[in-house]
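Contents: one structure, followed by commentary.
There are 4 protein chains.
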Amino acid sequence: MARVGVVGASGYTGGELLRVLATHPDVEVTYASSREYAGKPISSVHPNLRGYYTNLKFSNVSVDEMLKRCDLIFVNTPSKVSVDITPQLLESGVRVIDLSPDFRLKNPEDYLTWYGFEHPAPDLLQKAVYGLPELHREEIRKAQLVASPGCNSTAALLSLIPAVAGGFVELDRIVVDVKVGSSEAGIKPSLGTHHPERANVMRPYEADGHRHVAEVEQELKNLLGGREVKIALVPHAVGSVRGALATSHVWLTKNITEQEVWRMYAQRYAKEPFIRIVRGAPFRYPDPKYVIGSNYTDVGFAVEGRISRAALMAAIDNLMKGAAGQAVQAMNIMLGIDERNGLNTPPLRPA
Amino acid sequence: MARVGVVGASGYTGGELLRVLATHPDVEVTYASSREYAGKPISSVHPNLRGYYTNLKFSNVSVDEMLKRCDLIFVNTPSKVSVDITPQLLESGVRVIDLSPDFRLKNPEDYLTWYGFEHPAPDLLQKAVYGLPELHREEIRKAQLVASPGCNSTAALLSLIPAVAGGFVELDRIVVDVKVGSSEAGIKPSLGTHHPERANVMRPYEADGHRHVAEVEQELKNLLGGREVKIALVPHAVGSVRGALATSHVWLTKNITEQEVWRMYAQRYAKEPFIRIVRGAPFRYPDPKYVIGSNYTDVGFAVEGRISRAALMAAIDNLMKGAAGQAVQAMNIMLGIDERNGLNTPPLRPA
Amino acid sequence: MARVGVVGASGYTGGELLRVLATHPDVEVTYASSREYAGKPISSVHPNLRGYYTNLKFSNVSVDEMLKRCDLIFVNTPSKVSVDITPQLLESGVRVIDLSPDFRLKNPEDYLTWYGFEHPAPDLLQKAVYGLPELHREEIRKAQLVASPGCNSTAALLSLIPAVAGGFVELDRIVVDVKVGSSEAGIKPSLGTHHPERANVMRPYEADGHRHVAEVEQELKNLLGGREVKIALVPHAVGSVRGALATSHVWLTKNITEQEVWRMYAQRYAKEPFIRIVRGAPFRYPDPKYVIGSNYTDVGFAVEGRISRAALMAAIDNLMKGAAGQAVQAMNIMLGIDERNGLNTPPLRPA
Amino acid sequence: MARVGVVGASGYTGGELLRVLATHPDVEVTYASSREYAGKPISSVHPNLRGYYTNLKFSNVSVDEMLKRCDLIFVNTPSKVSVDITPQLLESGVRVIDLSPDFRLKNPEDYLTWYGFEHPAPDLLQKAVYGLPELHREEIRKAQLVASPGCNSTAALLSLIPAVAGGFVELDRIVVDVKVGSSEAGIKPSLGTHHPERANVMRPYEADGHRHVAEVEQELKNLLGGREVKIALVPHAVGSVRGALATSHVWLTKNITEQEVWRMYAQRYAKEPFIRIVRGAPFRYPDPKYVIGSNYTDVGFAVEGRISRAALMAAIDNLMKGAAGQAVQAMNIMLGIDERNGLNTPPLRPA
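Residue numbers (the UniProt record's numbering), protein chains in the order written: chain A, 1 to 351; chain B, 1 to 351; chain C, 1 to 351; chain D, 1 to 351.
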């Protein structure tokens, strides 16, 4: 049993890591950090976990103590906090999966542009592996530091990869319209997440440039060997609690049928354990509703020949494939065990 | 008091017409048709209207009888039904507001292409006025036949008109991503609208070409004096009951700031009684949530200079500005009364 | 036009008062108070009211200044704040409708028991009129101080009054199980109202004795000329934004049919402009869903002869008949105008 | 591996059985019946199960064929269908878990009273074991026929058992107010489950006597050795998809503190693997929200000494502990394996 720690365990992503790891056959959670709740039982913050982790309490220990207890650590902190902790952890040789954006971008200048701070450890950016198994499985296997992708980015990338790699879309006119549930905003209340205000919304936000664009453009450019890609991405809060859907609207550079698109996606994702291609009635297009609670990405598409355009769609559970599930998938790869361990429960339906 | 009839009064749009007209100061509803519920009180189908229309029952009478009772008739039937009824009504001289798509398109061939039937009264297509007051107020005033716009079309057009007229967007790369509530599908149950399946969805539909595209392209082309416009429109069902949001993603043909966009929108819509421009925190972008129950369209925008693109947004209540409210607005114009009569209740909040 | 002020105008009940009063034909809002938002436009806090109140800003003035501007004042503050302001207002002769609980109870000791403070103005408690028109219409007409009922209390009382007055229920075994939407908790965010936590709940709260019990027991006892009534009331938060349903479970003291219950309710409420009796398929029992946005109370009942018990139900919009609407109804009575003025818009459906 | 069949596999409970059994370590699903979908892949009806059961299709075979394929059969049909199939299955010696109400009641006359039909196999009623492990674990172990409880009944019983057994509540004044999500109504669409009508409801139904009362009264009477118990039960549809909460309102026959109630519940349920007792802030009372996707029942209580009454609450996922999960728990007991096998995934949160 690998001993794993979760730094930042009291929020939704932390809680989801604990939920998934609670029944994982190959690991044991030996540390769950929280400054605010140190000393309290896990279930006092995560009522779904009543009856689990009865021998573990939230705590808040030194890096040294953390290293004694853990073989692998999930760092699940806000941006600009991980950059302080993670370098210390790495020095000791422990393996780290960072769920914050702090090590996702390769170019240090991008942190200034997109996140507004100068990155204090630019050399680590080269060392970090972007934790999308569908792009970097082999590098993840050997990585000491995995930078787990954002939820919007995961959905955007998985909708686009086969099309961009396939060379049939205009690279400078890609629109990614994202819809997300409220859990994406985390556990901290605000007016915007207050139920009466948040219920039933169709609310665009960060419409003039969302930070996740940086990693999507980076990874697609990398996929193309350096060719630039422009992404116009606008996320929209909708009334669900869980789920994220990316609808990527693309303009075609050549005639292509839905059948041909299907072939390219099927081929690209043939061996992916967590990608399912959706096609045919009665559930014709991907909908996050049917992946809730699981690590799956449902992918689908529509082609409108009349005006040479397509809609490429990817649906995920933002807390699973968009956060905790994907991090555990990376962990499984790093540990050399079956990628699906701890992640094989089917999605809920209806939910 | 004008005497008005509602053909097709037992569904959601019919019910919304009855709701709005119940307290309208200048009209009286003298006819509410339903084959299925003929003889039953209005409130047996529309429980919100208990205590209203206590002297009116659903009925189903001949066209002649209808004409005796009514000065103006809302025809609110499915596509291909209105084409049978409306010509007869028009012959008698009564004024008609048709809420179906049967008279929205000018080119008879478009009915074959988009709706799959040969239009039996192509000459009436020229006579009909597309009932968007923001484009055709003066023609509506004199019209005998108004073809009231679809809900997706209304949101799409109102988001785009000032930008397209302003000449700063690429006309062949316009993406309109629409989110709509469940009431848009009407009152008839199906698996897709069954609550357990419909709750919490983020579900694309008709992603390879929605019929409303035809009227959006027609009206924008007309606005530009005949220049072609391509619209890639994908609607998405989300978890709300009411509301529609169009996010129009456009690529800019010149440098333009949000301030300049604001000026163009403010100017274009300056005298519109039902358009409100949204700008500035804390409710920065339009959200249908804040127009529920009203005839308003909230319009807003975001510009991302980095890649020369903008998001242009319009939020409506799909049953009001997207259907019944807009039809009543047209009626007010036709009757020469204040356009806001019967439509001045502020939106609900929270809702 | 009467000039009215709203003390506490930035929350949900304050916003709802402004919404209703915006189109009220007989009054003008001349004052809307907010400490936090003083100087800001109404629509910066209430985005639904964009385009309304364009000449009014939130402000925060002295009592003297308030009295100059207003003929009648809605005091809409948290408990223990109104007791400080209201006495000063009353001294000047202005009429006050207090939406807080501070003047609802007649017995000063009840404030110690249920609210935990010693009431500083016990003499005013006798002067105050409990603002439920269905019980105290004539006293409201002449009142200087109306204490507007709580939302749970309104639903509980209106479900029970005819049955308790009719003498067919056990008075010491009444259970009132209430379901309420999230708007009932007000505009201030907390973990309990955070959308991911509040969506989809079925959450009992204050299950060991809710404060509203005090006013329900007081009014029923008063109705019975002093006979004691025991109320076991448990509210439950459910997933809606608006609405409150009281299901009063009672044990019968004699054989009675649904038909007889109907007659007693119909008789008691015959002249009530805002009570509708629900009976018969397909919408057999009251549901707040069909009163949303209106001041109506839908009342209904079921009798189970087998075990001599009945369920008596009342459905309201908690922000309307449960708060702002009821206060405006009281205002109309006080002003001697039609009770329905400003309150005649039918409920939304679907919503 | 035991070979199990699911008769009635295309609805929500059937789908939930397939979901749970998909990763169950000790059984294999060898038969999934559906008349309507015979020949179609499982995922064409249950899109969450894409990628599972790739070698199984819906089919509809004779009882003989069924018996060849299966060691144990879940019969998941509407009332009055199981009474036709189950006797044949039992004759062959196969073990059956019936999820319909057809074998829950011991007294054949109760079927006439509550279900409106004469039971054709009254002798089997004595043979059947009521499948609530918390009451009948040992009998389930040896049973050939288990009659799995209804969802309302499960919540009602688990909230009441320790109190009724403990002898501190009035047995003829028990009110059970139930709240349930929409999945409880099954997969067949109707106006009442149409999303626009079903969203945001607080809708009482079968308020004059719900069928599940029969089994609740039977089991409590049995628990008391034959003493009669009266249950006034009213279910309410609320806006969630999953979940059921029973709030049992009881009047106390003696002074008892929450601490004492806690002791009785803790003792009674000490060894129950799927009952969790909820107590203490910040999640003070049970809420189905925190058991979603799991087989847990969260139980809690509040005592109001002032009027000698208590609220006893039990929260379940209606498709799990209220249907499929409980049936699998019974199967585990029948197979002599760990009761938690296949059921150990923690609930989702937030959901």
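By construction, the Cβ of each residue, glycine as well, lies at the ideal position given by its N, Cα and C atoms. Please read all numbers here as calculations on a predicted model, not as lab measurements.
Q. If we ignore side chains and look at the alpha-carbon of each, how far apart do Gly11/C and Leu343/C end up?
A. Working through the third sequence from its first residue, we reach residue 11/C at position 11. Working through the third sequence from its first residue, we reach residue 343/C at position 343. Cα to Cα, Gly11/C sits roughly 20 Å from Leu343/C.
Q | Cutoff 6 Å; reference Phe58/B; Cβ partners in own chain excluding five residues on either side | A | Counted from its first residue, the second sequence places residue 58/B at position 58. Same-chain partners within the cutoff: Ala32, Ser34, Tyr37, Ala38, Lys40.
Q: Would you list, in chain order, the members of the segment 234-250 of chain D that have their beta-carbon closer than 7 Å to a beta-carbon of chain B?
A: Close to chain B, meaning a Cβ-Cβ distance shorter than 7 Å, are the following residues of the segment 234-250 of chain D: Val241.
(Q) Would you say the beta carbon of Ser100/D is closer than 7 Å to some non-hydrogen atom of the ligand SAH? (A) With respect to the ligand SAH, the structure shown offers nothing to examine, as it has no ligands at all.
**Q.** Ala9/C beta carbon less than 8 Å from that of Asp26/C
**A.** Counting from 1 along the third sequence, the entry for residue 26/C is found at position 26. Counting from 1 along the third sequence, the entry for residue 9/C is found at position 9. It is not a contact, given that the beta carbons lie outside the stated cut-off.
Q. Who are the neighbours of His46/A on chain D, taking C-beta pairs under 8 Å?
A. By one-based count along the first sequence, residue 46/A stands at place 46. Per Cβ cutoff of 8 Å: Arg349.
Q: Out of Val291/D, Val6/D, Ala311/D, Asn152/D, point me to the one whose CA is closest to Thr77/D's CA.
A: One-based indexing of the fourth sequence puts residue 77/D at position 77. Ranking Val291/D, Val6/D, Ala311/D, Asn152/D by Cα distance to Thr77/D puts Val6/D first.
Q | Reference Asp298/B, options Tyr269/B, Ile97/B, Asn222/B, Glu65/B, closest by Cα | A | The count along the second sequence starts at 1 and reaches residue 298/B at position 298. The option with the nearest alpha carbon to Asp298/B is Tyr269/B.
Q.
Under 8 Å, Cβ to Cβ, is there at least one residue of chain B near Thr193/D?
A. Here the question's residue 193/D lines up with position 193 in the fourth sequence. So yes, Thr193/D belongs to the interface.
Q: Identify whether Lys106/C lies in helix, strand or coil by the three-state DSSP scheme.
A: As a working mapping, residue 106/C is identified with position 106 in the third sequence. Three-state DSSP puts Lys106/C in coil, outside helix and strand.
(Q) For the segment 198-222 of chain A, list every residue whose C-beta sits within 8 Å of some C-beta in chain C, in sequence order. (A) The segment 198-222 of chain A vs chain C, Cβ under 8 Å: Arg198, Ala199, Asn200.
Q: Determine whether the Cβ of Lys179/C lies closer than 8 Å to any Cβ atom of chain D.
A: For the purposes of this step, residue 179/C is taken as the residue at position 179 of the third sequence. At least one chain D Cβ lies under 8 Å of Lys179/C.
Q) Given that Pro189/A touches chain C, what residues does it touch there, using C-beta distances under 8 Å? A) As a working mapping, residue 189/A is identified with position 189 in the first sequence. Under the 8 Å cutoff, chain C gives Pro189, Ser190, Leu191, Thr193, His194.
Q | Interfacial residues, the UniProt domain "Semialdehyde dehydrogenase NAD-binding" (3-143) of chain C to chain A, with Cβ spacing under 9 Å | A | Tyr12
Q. Are Ala302/B and Ala310/B closer than 8 Å when you measure CB to CB?
A. Within the second sequence, the letter at position 302 stands for residue 302/B. Within the second sequence, the letter at position 310 stands for residue 310/B. For Ala302/B and Ala310/B, yes; Cβs fall inside 8 Å.
Q: Figure out for me which residue from Gln88/D, Asn295/D, Pro350/D has the closest Cα to the Cα of Met66/D.
A: Sequence index remark: in the fourth sequence, residue 66/D carries index 66 (1-based). Checked all of Gln88/D, Asn295/D, Pro350/D; the closest Cα to Met66/D is Gln88/D.
Q. What number of angstroms, rounded off, separates the C-alpha of Leu94/C from the C-alpha of Glu138/C?
A. In the third sequence, the residue the question calls residue 94/C occupies position 94. In the third sequence, the residue the question calls residue 138/C occupies position 138. It should be noted that the sequence gives Val, not Leu, for residue 94/C. Distance between the alpha carbons of Val94/C and Glu138/C: 19 Å.
(Q) Give me the chain C residues within the contact set of Tyr285/B, using Cβ-Cβ distance strictly less than 8 Å, ordered along the chain. (A) Numbered from 1 along the second sequence, position 285 holds the residue referred to as residue 285/B. The contacting residues do not exist; Tyr285/B stays about 11 Å from chain C at best.
Q) Would you call Pro120/D buried or exposed, if buried means 16 or more other Cβ atoms sit within 10 Å of its Cβ? A) As a first step, residue 120/D is located in the fourth sequence; it is residue number 120 there, counting from the start. So Pro120/D ends up on the exposed side.
Q. Checking contacts by CB at 8 Å: is Asn344/D closer than that to chain A?
A. The residue you call residue 344/D lines up with position 344 of the fourth sequence. It does: the Cβ of Asn344/D has a partner Cβ on chain A nearer than 8 Å.
Q) So does the segment 204-212 of chain B actually touch the segment 202-215 of chain D, counting three or more Cβ pairs closer than 8 Å? A) no
Q | Residues within the segment 302-321 of chain A neighbouring chain B, beta-carbon criterion of under 8 Å | A | Within the segment 302-321 of chain A, the residues whose Cβ lies closer than 8 Å to any Cβ of chain B are, in chain order, Ala302, Val303, Glu304, Arg306, Ile307, Arg309, Ala311, Met313, Ala315.
(Q) Assuming contact is defined by CB atoms lying nearer than 8 Å, are Val75/B and Asp98/B in contact in what I supplied? (A) Along the second sequence, read from residue 1 onward, the residue named residue 75/B stands at position 75. Along the second sequence, read from residue 1 onward, the residue named residue 98/B stands at position 98. Cβ distance < 8 Å, so Val75/B and Asp98/B count as in contact.
Q: Indicate whether Gly19/A and Leu49/A have their beta-carbon atoms separated by less than 8 Å.
A: If you number the first sequence from 1, residue 19/A lands on position 19. If you number the first sequence from 1, residue 49/A lands on position 49. Here the sequence assigns Arg to residue 19/A, which means Gly is not the residue at that position. Their beta carbons are under 8 Å apart, which means Arg19/A touches Leu49/A by this criterion.
Q: May I ask you to report which of helix, strand or coil DSSP gives Ala244/B?
A: Taking the second sequence and counting its residues from 1, the one referred to as residue 244/B is at position 244. Correct three-state label for Ala244/B: strand.
Q: Reducing DSSP to helix, strand and coil, say where Leu171/B ends up.
A: Sequence index remark: in the second sequence, residue 171/B carries index 171 (1-based). Assignment of Leu171/B by DSSP, reduced to helix, strand and coil, places it in the coil class.
Q.
Taking a contact to mean a Cβ-Cβ separation below 8 Å, would you say Val241/B touches Gly181/B in this structure?
A. Residue mapping note: residue 241/B aligns to position 241 of the second sequence, counting from 1. Residue mapping note: residue 181/B aligns to position 181 of the second sequence, counting from 1. Cβ distance < 8 Å, so Val241/B and Gly181/B count as in contact.
Q: Go ahead and label Thr23/C buried or exposed: buried means 16 or more other beta carbons lie within 10 angstroms of its beta carbon, across all protein chains shown.
A: Walking along the third sequence from the start, residue 23/C turns up at place 23. Classification of Thr23/C: exposed, given that the 10 Å Cβ count is below 16.
Q.
If the criterion is Cβ atoms closer than 8 Å, does the pair Met202/C and Asp287/D meet it?
A. Translated into the one-based positions of the third sequence, residue 202/C becomes position 202. Translated into the one-based positions of the fourth sequence, residue 287/D becomes position 287. Contact flag set, yes.
Q: Inspect the CB distances between the segment 176-196 of chain D and the segment 229-244 of chain D and report whether three or more fall short of 8 Å.
A: yes
Q | Closest residue to Arg306/B among Ile337/A, Gln329/A, Ala330/A, Ala232/A (Cα-Cα distance) | A | Counting from 1 along the second sequence, the entry for residue 306/B is found at position 306. Closest by alpha carbon: Ala232/A.
Q. Along chain A, in chain order, which residues have C-beta atoms closer than 7 Å to that of Tyr290/D?
A. Against the fourth sequence, residue 290/D aligns to sequence position 290. In chain order: Pro47, Asn48.
Q.
Taking the alpha-carbon of His236/A as reference, which of Pro196/A, Arg227/A, Asp177/A, Thr257/A has the nearest alpha-carbon?
A. As a first step, residue 236/A must be located in the first sequence, where it is residue number 236. Minimum Cα distance to His236/A is reached at Asp177/A.
Q) Apart from the five residues just before and just after Val129/A, which ones in its own chain have a Cβ nearer than 6 Å to its Cβ? A) One-based indexing of the first sequence puts residue 129/A at position 129. The residues are His136, Glu139, Ile140, Ala143, Val146.
Q: Would you please state the rounded distance, in angstroms, between the beta carbons of Ala163/B and Leu312/B? I believe it to be under 8 Å.
A: Translated into positions along the second sequence, residue 163/B becomes position 163. Translated into positions along the second sequence, residue 312/B becomes position 312. Their Cβ separation, rounded to whole angstroms, is 6 Å, which keeps Ala163/B and Leu312/B in contact under 8 Å.
Q. Grouping DSSP H, G and I as helix and E and B as strand, with all else coil, what is Arg137/C?
A. Within the third sequence, the letter at position 137 stands for residue 137/C. In the structure shown, Arg137/C adopts helical secondary structure according to DSSP, grouped into three states.
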